[in-house]
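Engineer:
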Amino acid sequence: MLPCHIVFEIYSSLWDWVERLSRQPPSTLAIYVYEQRTESGASFFDPEGKDGGPELCIHNPGRDSRSVRPVDDARVLTKLVTLSHEVGHATSWHTNADDAWPDYSAASTHYIQVRTMLALQRFGIECTEPMRVAAAAVVAELTERERDVIWREENRAWEIGERLLRERGFGDWEAFEERRAPQLRSYAIMLGRVKYEPCDFTALS
Ligand SMILES: [Zn+2]
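Put into structure tokens, the structure is as follows:
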């Protein structure tokens, strides 16, 4: 378990990283960074978010107003792992290393549907038959290509996040995996990569 002040330092360093990203070419747009309460409870990176510009938001149940600094408590570790993933998306978008973002953006409408389902899971809403049908419908609407770009981007964001954390001396990979594994698992379910089982939803948080 990393000391809280180290976790806090890494957390702050990641915010600094993404803020610096937003000032580098070729991007001429600011990356909006927030720590705030979001209706769905989700944290996200959206290249076409607030005012049409990229937006990175870390959900914080205790906050309503914009902030780029965390509260210094036990939640910071969880928030750090989440932030590393979202910064991974922001970095991926900014560098567009393998030219994947145009395709990924094209899949965004369907992606939002997937994300909405994932948000429902996070609240631990009991999996009902209508929900199973809705989940199947989302999967059915996604093309194989869309599923592939979403899956690759989700993995890429975790890989970049892991690298950024490692470079900053992070070492609590158990906490990292506790967050990464269920998130990827839920994507695997929603993208039809693993067989859907109702009990899978109750295990997610
Ligand atoms: Zn993601």
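For reference, each letter of the sequence shown is one residue, going 0 to 204 in numbering that gives the first Met the number 0.
In this text, a Cβ means the ideal position worked out from N, Cα and C, and glycines have one as well.
Does the separation of the CB atoms of I159 and A106 fall below 7 Å?
Structural biologist: Stepping through the sequence shown from its first residue, residue 159 is reached at position 160. Stepping through the sequence shown from its first residue, residue 106 is reached at position 107. No.
Engineer: Considering only residues of the same chain and omitting the five flanking positions on each side of V193, which have a CB-CB separation below 7 Å?
Structural biologist: Locating residue 193 in the sequence shown gives position 194, where the first residue counts as 1. So the qualifying residues of the chain are A187.
Engineer: Using C-beta distances below 8 Å, list every residue in its chain close to L183, excluding the 5 sequence neighbours before and after it, in chain order.
Structural biologist: By 1-based counting over the sequence shown, the position of residue 183 is 184. Result list for L183: E153, N154, W157, in chain order.
Engineer: I'd like to check one pair, A89 with F43: are the Cβ atoms closer than 7 Å?
Structural biologist: The residue given as residue 43 occupies position 44 in the sequence shown. The residue given as residue 89 occupies position 90 in the sequence shown. Contact: no.
Engineer: Would you call G170 buried or exposed, if buried means 16 or more other Cβ atoms sit within 10 Å of its Cβ?
Structural biologist: Along the sequence shown, one-based indexing puts residue 170 at 171. G170 should be labelled exposed.
Engineer: I need the boundaries of the beta strand (DSSP E) containing E54, first residue and last residue.
Structural biologist: In the sequence shown, counting from the first residue as 1, residue 54 sits at position 55. Residues 54-58.
Engineer: Going by DSSP in three states, L203 sits in which element: helix, strand or coil?
Structural biologist: Residue mapping note: residue 203 aligns to position 204 of the sequence shown, counting from 1. Below a pLDDT of 50, predicted positions are generally treated as unreliable, and L203, at 42, falls in that range; the measurement from the model is reported next regardless. Looking at L203 - three-state DSSP - the assignment turns out to be coil, as it is neither helix nor strand.
Engineer: Bridge partners of D45, per DSSP?
Structural biologist: Locating residue 45 in the sequence shown gives position 46, where the first residue counts as 1. Answer by DSSP bridge pairing, in chain order: E54.
Engineer: Taking only heavy atoms of ligand 1 into account, decide whether any of them is closer than 6 Å to the Cβ of E153.
Structural biologist: Residue numbering aside, residue 153 sits at position 154 when the sequence shown is read from its first letter. Under cutoff, so the answer is yes.
Engineer: For P69, name the three-state secondary structure that DSSP assigns.
Structural biologist: Sequence index remark: in the sequence shown, residue 69 carries index 70 (1-based). Residue confidence for P69 is low, a pLDDT of 49 falling below 50, so the modelled location carries little weight and cannot support an answer.
Engineer: Ligand 1 heavy atoms versus the CB of A156: any closer than 6 Å?
Structural biologist: By 1-based counting over the sequence shown, the position of residue 156 is 157. Yes, Cβ of A156 sits closer than 6 Å to a heavy atom of ligand 1.
Engineer: Across which residues does DSSP place Y10 in a beta bridge pair?
Structural biologist: Translated into the one-based positions of the sequence shown, residue 10 becomes position 11. Partner(s): none; Y10 has no beta bridge.
Engineer: Taking the alpha helix (DSSP H) that V80 belongs to, which residues open and close that run?
Structural biologist: As a working mapping, residue 80 is identified with position 81 in the sequence shown. Run containing V80: 74-94, per the alpha helix (DSSP H) assignment.
Engineer: G48 to E54, Cα distance in whole Å?
Structural biologist: As a position in the sequence shown, residue 48 is number 49, starting the count at 1. As a position in the sequence shown, residue 54 is number 55, starting the count at 1. The alpha-carbon atoms of G48 and E54 are separated by roughly 5 Å.
Engineer: Give the single residue among H58, G191, L20 whose Cα lies nearest to the Cα of A41.
Structural biologist: Counting from one through the sequence shown, the residue named residue 41 turns up at place 42. The option with the nearest alpha carbon to A41 is H58.
Engineer: Can you give me the C-alpha to C-alpha distance between R179 and G52, rounded to a whole angstrom?
Structural biologist: The sequence position of residue 179 within the sequence shown is 180, counting from 1. The sequence position of residue 52 within the sequence shown is 53, counting from 1. So the two alpha carbons sit approximately 27 Å from each other.
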